[in-house]
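Report on one structure; see the data block that follows.
Residue numbers (my numbering): 361 to 517.
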């Protein structure tokens, strides 16, 4: 596998502005002064991504109460995200990155192992961005199932 970008705690979080499921532009800088969980997932409405999104939905109050905003990012277009939000009753923004610019900036797109083969795609990853815009936590190749519980433990929520 080729060497690819990986962010670490203390790094500046790459800035972004992406459309949400309604087409409204959302920027990371909109949340300056707050802690933000930014998670990257391969595709809306797939089994693992649905499990992960529903886990975030079901734990959102605890994240919000602890001062965290949650944002999900995938290569899906806003219309697909809108359907996913409606079907699953998701209550946090899902952002569209079809050209994978933000995914790549965070090291969440590139070579990965899938069923023993090297493929290029979205690397399921989660970051916590601190109020100053720096990476406080970086997790690559996270599992869809149990990830939210592990993240809550890692950041003491």
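The beta-carbon is built from N, C-alpha and C at its ideal position, and this holds for glycine as well.
Keep in mind the model is a prediction, meaning the values are calculated, not measured.
So, for residue 368: in the same chain, excluding its five sequence neighbours on each side, which residues have a beta-carbon less than 8 Å away from its beta-carbon?
To locate residue 368, count along the chain shown from 1; it is residue 8. So the qualifying residues of the chain are 495 and 498.
From 469, 503 and 492, pick the residue whose C-alpha is nearest to that of residue 390; which is it?
Mapped onto the chain shown, residue 390 falls at position 30. When each option's Cα is compared against that of residue 390, the closest is 492.
Indicate the three-state DSSP secondary structure (helix, strand or coil) for residue 389 in the structure shown.
Start at 1 with the first residue of the chain shown, and residue 389 comes out as number 29. Reduced to three states, the DSSP call for residue 389 is helix.
Beta-carbon within less than 6 Å of residue 444's beta-carbon, same chain only, minus the 5 sequence neighbours each way: which residues are those?
Along the chain shown, one-based indexing puts residue 444 at 84. Correct list, in chain order: 404 and 405.
Taking just the CA atoms, how far does residue 468 sit from residue 500?
Here residue 500 refers to the residue found at position 140 when the chain shown is read from its first residue. Here residue 468 refers to the residue found at position 108 when the chain shown is read from its first residue. Their backbone Cα atoms lie some 7 Å apart in a straight line.
Alpha carbon to alpha carbon, how far is residue 474 from residue 484?
For this step, residue 474 is matched to residue 114 along the chain shown. For this step, residue 484 is matched to residue 124 along the chain shown. If I take the Cα positions, the gap works out to 12 Å.
Bounding residues of the beta strand (DSSP E) (the contiguous stretch that carries residue 477)
Locating residue 477 in the chain shown gives position 117, counting from the first residue. That run of the beta strand (DSSP E) goes 477–482.
If you count every other CB in all the chains shown that lies within 10 Å of the CB of residue 486, and 16 or more means buried, which is it?
What you label residue 486 is simply residue 126 of the chain shown in a count that begins at 1. It counts as buried.
In this structure, what does DSSP give as the bridge partners for residue 486?
The count along the chain shown starts at 1 and reaches residue 486 at position 126. BP columns for residue 486 point to 399 and 499.
Element boundaries [alpha helix (DSSP H), containing residue 438]:
Along the chain shown, read from residue 1 onward, the residue named residue 438 stands at position 78. 438–448 is the extent of the alpha helix (DSSP H) around residue 438.
Just checking my contact of residue 442 with residue 385 at CB under 8 Å: how many whole Å lie between their CB atoms?
Locating residue 442 in the chain shown gives position 82, counting from the first residue. Locating residue 385 in the chain shown gives position 25, counting from the first residue. Their Cβ separation, rounded to whole angstroms, is 15 Å, which puts residue 442 and residue 385 out of contact at 8 Å.
Reduced DSSP secondary structure (H/G/I, E/B, other) of residue 464:
One-based indexing of the chain shown puts residue 464 at position 104. In the structure shown, residue 464 sits in a helix (DSSP, three-state: H, G or I).
Taking only the alpha-carbon atoms, compute the straight-line gap between residue 465 and residue 455 and give it to the nearest angstrom.
By 1-based counting over the chain shown, the position of residue 465 is 105. By 1-based counting over the chain shown, the position of residue 455 is 95. Their Cα atoms are separated by approximately 15 Å.
Is DSSP giving residue 394 helix, strand or coil here?
By 1-based counting over the chain shown, the position of residue 394 is 34. Residue 394: coil per DSSP, three-state reduction.
The alpha helix (DSSP H) with residue 511 in it runs from where to where?
Taking the first residue of the chain shown as position 1, residue 511 is located at position 151. It spans 507–514 - the alpha helix (DSSP H) in which residue 511 sits, taken as one unbroken run.
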